[in-house]
Amino acid sequence: MTRVTLSALLSHWWRNPLQLFTLLAGLALATALWSGVQAINAEARASYDAAAATLGEGQFDRLKRRDGAPMTQDTYIALRRAGWLVSPVIEGRVDGVRLLGIEPLTAPGGLAPRAFGTVSALAGFSTGDILVAPDTKLARARLVVDAGIAPDTAISDIGTAQDILGRDGEIDLLVIAADQPILQRPLSEIAPELVRQEASTGADIASLTDSFHLNLTAFGLLSFAVGIFIVHGAIGLAFEQRRGTVRTLRALGVPLRLLVVLMGCELMGLAVFAGIMGVGLGYLIAGMLLPDVAATLRGLYGAEVAGTLQLRPIWWISSMAIALGGTALAASGALWRLSRLPLLAGAQPRALALAAGRGAKVQGVVAATLLLVAGGLALAGGGVVAGFTLLAALLIGAALALPLVLAAVLGWASNRAQGVTTSWFWADTKQQLPGLSLALMALLLAMAANIGVSTMVSSFRLTFVGFLDQRLASELYISAETPEQANLIETFSQRNAEAVLPIQKVEIALAGIPTEIYGNRDHATYRDNWQFLSATDTPWDSMHSGTGILINEQLARRGGIAIGDPLDVATSSLKVVGIFGDYGNPIGQAIIDETLFKTMFPEGSPTRFGVRISPENVDDFVAKMAAEIGVPAANTVNQAGIKAFSLGVFDRTFTVTTALNILTLAVAGFAILMSLLTLTSMRVPQLAPAWAMGMTRRQMGLLELVRTVLLALLTGAVALPLGLALAWVLLAVVNVAAFGWRLPMFLFPLDYLWLGGFALLAAAIAALWPAIRLAKTPPSDLLKVFSNER
Amino acid sequence: MNVKLFIILLILPFHLDAQGFAGLGQTPEGFAQPAPDPIFSFPQDHGAHSDYRIEWWYLTANLTGEDGLEYGLQWTLFRTSLAPEDKEGWASSQLWMGHAAVTTPDAHYVTERLARGGVGQAGVRADPFEAWIDDWAFTGPFDRATLRATGPAFGYDMTMQANGPLVFHGDAGYSRKSANDQASYYYSQPYFQITGTLHLPDNDVRVVGDAWLDREWSSQPLASDQTGWDWFSLSLKGGAKLMGFQLRGDDTYTSATWIEADGTTTPFPNGAFSALPLGVTDIEGRKVPTLWQVQLPDKGIDVTVEAVNPNAWMETSVPYWEGPVRVNGSHQGRGYLEMTGYDGVTSQ
Amino acid sequence: MLLAARNVQKKFDTADGEFHVLRGVDIALDSGETLALTGESGSGKSTLLHLIGGLDVPDQGEIVIDGTDIAALDDNGRAAVRRGVVGVVFQQFNLIPSIRIKDNIAFQARLAGRYDEAWARTLAERLGLVDQLNKYPEQLSGGQQQRVAIARTLAPRPRLVLADEPTGNLDEDTAATVISILLALVDETQAGLLMVTHSTALAGRMARRMHLRVGQIA
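Residue numbers (our numbering), protein chains in the order written: chain A, 1 to 790; chain B, 791 to 1138; chain C, 1139 to 1356.
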């Protein structure tokens, strides 16, 4: 009995391969979208984790010289002999690869690579082995591949690294183990030139790159929502199309329970198959996009992300879970309805969604509640969790409200329609709504996601480019290797350029927050280019008079500092006279006058210089400097180059965002296609009277197309404000909660127009085929409606 | 005392590979080997012998606090060499490990340090004598030394004075370990009077007592059938002392040195000394014998040796048991017990 | 007695309130006997047929088929009766569109675990379906589809055959032919036949006739 029943159920797919294809494709696309985004996220995260594990970043406090210069090995030994459990690290670059030298015996757990489980591994390491990630291009002997190493990073013994870098006896920083002995001598007695950096600060890559990840995570969540809608639609379709067969099977004596079990198994089998296809597809998508993502992250933040993809269990398992879980969720509802289906109900297919019409009131209440919750959170909420809850409530609430809004609009239009055809069109459109609403919800979410994410990325770009203009006002930047060279550069530049602006900083704590404090020279470069989020009337004058201080937004937000507040710096108290935007910086920043800086931090000396010079003279200047004082061109950075590079980085970000945008829209278009195909069978009886009364089939096909595009347009009208609200939540709520700075939001009407165009196109393409089929319906089929009617 | 060769190889935080590698394989090629009839030269031989693969400065002390309680103290510096020839700086083949512990009747504090040689973080200098790793130091002159160690939970600052001669085990310091000519150089200074302060989590305790220093170096590998050892250093009322150990294996191998109050020694060959476990303590699933019957019939010794604190487990890179003991029976006294090879957790 | 229904009552909830379709119907049928059930639209004849076929449950009364009161069975029990004891020929044929004619014919017999290839072949020959066996239902005319439905119903040799306006969708000539074959086959298998029809001509070919009026036997 089982075998006979199963073969009857499955035979449906052999006879209707197109339906099988749409079901599998719907499931696979939803899985692919989710898994593609997740793959990129997982890959990037794994790379950061490896980097963080290697560096101990975010885990251990560190000691560094106040002036940023390397310390000597004697300092390290002196600290150890004074009871400080510290471990030396040296950093440098070789062949474009970041080389880290560590000391394996003193490195705290979690800092040393895992490979030291054996004596020979340790012996090899301490005598010159270099650990690298797979596929690292480093022209050195004795490379040992270790998957736990971050991409484009090499780890060696500190002695090996000192040799390779030509820096014998030097140490860049000391990592402080978590457990320290009692009875330690104070740091100030042993090495007063060292400052302690808290674990969470320093070059904490994660907090920087998370900003970009937020983008992708939001996309992932949205694609998940879109995917669930599509899976739901596909499953509904699979049940709807076989309603007649199911009824016959039951009439012939197949027990209901057997039927439910068999259909459940069948769907799960299909879900596994489609899930695997989807994971494969997602892998391809991620594989194509990942090099751009990797380049973006490296360019923006200097974080190394492997440009190649590994099959990580976490994402393919989560993707399969989405395919199976989404199917189970959708199927359980459909199976439940199947089990309640009366054996003697009409054989005529009846869209499952029609039944949902009865729940319209409930749906309205739920939607209103969710939107109220969203509103409440937007006014009162704080924190990342509240931000994401707000996002979820907003999106689900809006999606649930969509059919009600559309019904209201269509009802209004129908009442005002004049001609017979027009008023039939509106009424008929309204009748289609329940069957299409799931697909339209998916379209709404896809469009809103695209508007929201595009707005966020574009706002980020605009802000960042403006910020670069402000920060990189000088035409040329020069790095000095030694204080002597710094003096030479300053003298040389004073003679050969319009102005030279030394850049000097120390890391201290202001209001308990780790902060880089800069000593700025009074120059028009700053006064002309810098913009403040808020400031007194004369911030520059106050600052250069030695009574004022300028701080970044991060410091202001975390320290709860406002304009006019006093701030203790070293021994004096300064008044905050300006707050500036400092996008992407994880730590505090402050600016004081150069003279005051030198008094407060006499040991610091400028290591970089900004040089004002007309752009066409930059090359000559660099060449002359190399010839006269021996500073190589490699130590200079041309401002135009940085800006071009930054813009290039953003262009790659856009490649990723655009590709994901198009994919989401394509998936949403597919949902519309499937819904229309589901409706086709029940359309004929609805259209037959109109045909009988004189409407041509061609006319009806055209109206079918117009109807879909119109519904998409109306959905787009709802999607625009929803997308902007989404962007606002991302920029003004989630970003602030997560990173401490708020991105100004800009609007891009032209972009939205394009997006709307794409969405309509997707809807039109989806509707085209069903419309053509409708226009070609044989008159005999339409006639049957009358002859068959009982 | 060859058995302590085990500890350095076992305790270093890396286990031997199946294949081993140059320098730590089954044949210690290239390293100097102990030879009979040694001629010691002091103070040089208090310092490191980096041409031998393995060496230690191993100090244990039985203490009495001003509060009347019994305490134990351990300060150990191990040296091992990855290759016979030494180099300057980070390229040095020397690895150092320190273990420090304080045992009270109801607590046991342990801490561990690791260091590379060649850069000054750890080492031993013969004259003026200093053995150190990080801020831990055994600072001479050798006969009137200070001793210090710290950990996250405890520390100590001690001063010591040697009130007797150095004692040489085996054949004048050439200590045979098996019929196969395996041996080490082995001498002790068991006559230290020690006094100072233990810094414990709750309070500081002034203490006074006796300390015993073992010095040993060799290059010999282990025997494959040996699973661990039990080592006793006992100071008896009346001034006599006994060092004895057994290697547990297919054939248990024992060795002992009887030390008169004046420092005169009598070495005993395999079989003269015996140790029989009478009671075990369950330490987180491990069955550790902490009550022993120890016999040396030639000297009329038949005593029970009982741990002051049975839970003196050394939770170090490779764990073992080391703690103070009380001696009762034919003789009274106190001492130290070290046991290895009991770290297998049994399911019973 | 093959079928004995006593005091069968059934009512439905409608928009105008409760509608009492069957108001206590008694019916009896022996093996090899044929019975026509006639009545106006809404007289309850199809409902009665569905109740006897185990497709629905009466509110009151008992329907004993071959000694079993199917009104007292649960869903699984009724499904077993449907596939093993009774066979229903529907007005709408209710073939499975995605499988071939030969598999449609064999379907119920296979469900019941009583598939007899020779008998199925005989049925196909008698019903003139030999040339259609590899086709799909949509490729057949209405009369041919109804023959397939009859073959499917008779393939497991059911003890009781129920037919609900089996010729309602067929022209007169075809209807006459189909009924002749059906009667002949029922006679051969000694099954009982209960046929719902509003055609007096058709009813005239049955051994007995019963007329249903507003839910009661007239």
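We treat Cβ as the ideally placed atom computed from N, Cα and C, and that holds for glycine.
Model, not experiment: these values are computed from the prediction.
At a Cβ cut of 7 Å, what residues of the segment 688 to 700 of chain A count as close to chain C, listed as they run along the chain? Those residues of the segment 688 to 700 of chain A that come within reach of chain C (Cβ to Cβ, closer than 7 Å) do not exist; the list is empty.
A/Pro566 - partner residues in DSSP beta bridges: A/Pro566 is bridged to A/Lys575.
Contacting residues, own chain, Cβ-Cβ under 8 Å from B/Ser1120 (five flanking each side not counted): Only Gly1090, Ile1091, Asp1092 and Val1093 meet the Cβ criterion.
What separation, rounded to the nearest whole angstrom, lies between the Cα atoms of C/Tyr1274 and A/His12? Cα-Cα distance, rounded: 12 Å.
Taking Cβ-Cβ distances below 8 Å as the criterion, which residues of the segment 1217 to 1237 of chain C are in contact with chain A? Within the segment 1217 to 1237 of chain C, the qualifying residues are Ala1217, Ala1218, Val1219, Arg1220, Arg1221, Gly1222, Val1226, Phe1228, Gln1230, Asn1232, Leu1233, Ile1234, Pro1235, Ser1236 and Ile1237.
Inter-stretch contact at 8 Å, needing at least 3 Cβ pairs: the segment 832 to 849 of chain B / the segment 1026 to 1038 of chain B: With the cut-off at 8 Å, the segment 832 to 849 of chain B and the segment 1026 to 1038 of chain B do not touch.
Contacting positions in the segment 852 to 883 of chain B - beta carbon closer than 7 Å to chain A: Residues of the segment 852 to 883 of chain B that bring their beta carbon within less than 7 Å of a beta carbon in chain A comprise Leu872, Gly879, Trp880 and Ala881, in sequence order.
Delimiting residues of the beta strand (DSSP E) encompassing B/Trp1148: Nothing about residue 1148 of chain B can be read from this structure; chain B reaches only from 791 to 1138.
Rounded to a whole number of angstroms, what is the C-alpha to C-alpha distance between C/Ile1234 and C/Gln1284? Between C/Ile1234 and C/Gln1284, the C-alpha separation is close to 13 Å.
What's the gap between the Cα of A/Gly383 and the Cα of A/Val734? Approximately 7 Å, taken between the alpha carbons.
Helix, strand or coil: which one does DSSP assign to B/Glu1007? Here residue 1007 of chain B turns out to be Trp, not Glu, going by the sequence shown. DSSP places B/Trp1007 in strand when its eight states are reduced to three.
Candidates A/Ala28, A/Arg612, A/Asn638 and A/Gln699: which alpha carbon is nearest A/Phe492's? In terms of Cα proximity to A/Phe492, the closest of A/Ala28, A/Arg612, A/Asn638 and A/Gln699 is A/Arg612.
C/Leu1173: which of C/Glu1303, C/Gly1330 and C/Gly1222 sits nearest, CA to CA? Per the Cα distances, C/Gly1330.
When we look at the beta-carbon of A/Thr571 and count the other beta-carbons within 10 Å, is it buried (16 or more) or exposed? The residue is exposed, with fewer than 16 neighbouring Cβ atoms inside 10 Å.
Out of A/Ser126, A/Leu99 and A/Leu79, which one is the CA nearest neighbour of B/Leu872? Looking at A/Ser126, A/Leu99 and A/Leu79, the one whose alpha-carbon comes closest to that of B/Leu872 is A/Ser126.
At least 3 beta-carbon pairs within less than 8 Å: the segment 316 to 326 of chain A vs the segment 275 to 282 of chain A: Yes, the segment 316 to 326 of chain A touches the segment 275 to 282 of chain A.
Check the DSSP bridge columns for B/Ser978 and list the partner residues they point to. Checking the DSSP bridge columns, you'll see B/Ser978 partnered with B/Val957 and B/Asp1004.
Hey, is C/Leu1278's beta-carbon within less than 8 Å of any beta-carbon in chain A? No, C/Leu1278 lies away from the interface with chain A (no Cβ there is under 8 Å from its Cβ).
Out of A/Gly701, A/Pro685, A/Ile765 and A/Leu722, state which residue places its alpha-carbon closest to the alpha-carbon of A/Asp781. Each of A/Gly701, A/Pro685, A/Ile765 and A/Leu722 was checked against the Cα of A/Asp781, and the nearest Cα belongs to A/Pro685.
Classify A/Thr607 as helix, strand or coil using the three-state DSSP reduction. Reduced to three states, the DSSP call for A/Thr607 is coil.
Inter-residue Cα distance where the pair is A/Ala732 and A/Ile563: Cα to Cα, the separation comes out at about 21 Å.
So is C/Thr1338 buried or exposed if we call it buried at 16+ other beta carbons inside 10 Å? Counting Cβ neighbours within 10 Å, C/Thr1338 comes out exposed, since fewer than 16 surround it.
Take the Cβ of A/Ala486 as the centre, count every other Cβ of all protein chains shown within 10 Å, and call the residue buried at 16 or more, exposed below. Within 10 angstroms of the beta-carbon of A/Ala486 lie 16 or more other beta-carbons, which makes it buried.
Can you tell me where the alpha helix (DSSP H) with B/Asp876 in it begins and where it stops? That residue, B/Asp876, is in no alpha helix (DSSP H); it is neither H nor E in DSSP.
In chain order, what residues of the segment 252 to 267 of chain A put their CB closer than 8 Å to some CB of chain C? Answer in chain order: Leu252, Gly253, Val254, Pro255, Leu256 and Arg257.
Is the distance from the Cβ of A/Ile149 to the Cβ of A/Ala133 below 8 Å? Cβ atoms of A/Ile149 and A/Ala133: closer than 8 Å.
State buried or exposed for A/Gln431, treating a residue as buried only when at least 16 other CB atoms are found within 10 Å of its CB. Under the 10 Å beta carbon count, A/Gln431 is surrounded by fewer than 16 other beta carbons and is classified as exposed.
Evaluate A/Lys361 with the Cβ neighbour count: other Cβ atoms within 10 Å of its Cβ, from every protein chain shown; 16 or more gives buried, anything less gives exposed. A/Lys361 comes out exposed.
Please classify A/Arg80: is it buried, with 16 or more other beta-carbons within 10 angstroms of its beta-carbon, or exposed? Buried is the call here.
Going by other Cβ atoms of all chains shown within 10 Å of its Cβ, with 16 needed for buried, is C/Thr1152 buried or exposed? That one is exposed.
At a CB-CB cut-off below 7 Å, which residues of chain A make contact with B/His989? Ile182 and Leu183, listed in chain order.
Test item: CB-CB of A/Phe670 and A/Pro502 under 8 Å: In this structure, A/Phe670 keeps its C-beta atom at 8 Å or more from the C-beta atom of A/Pro502.
Neighbourhood of C/Glu1171 by C-beta, 8 Å cutoff - its chain only, sequence neighbours within 5 removed: Correct list, in chain order: Leu1140, Gly1330, Leu1331, Ala1345 and Arg1346.
Looking only at DSSP bridge pairs, what is B/Leu988 linked to? Paired residues: B/Tyr946 and B/Val995.
Whole runs of the beta strand (DSSP E) within the segment 78 to 105 of chain A, excluding any shorter than 3 residues: Segments of the beta strand (DSSP E) lying fully in the segment 78 to 105 of chain A: 86 to 94 and 97 to 102.
Comparing the C-beta of C/Ile1144 with each C-beta of chain A, is any distance below 8 Å? The identity of residue 1144 of chain C in the sequence shown is Arg, whereas the question assumes Ile. By this cut-off, C/Arg1144 is not an interface position.
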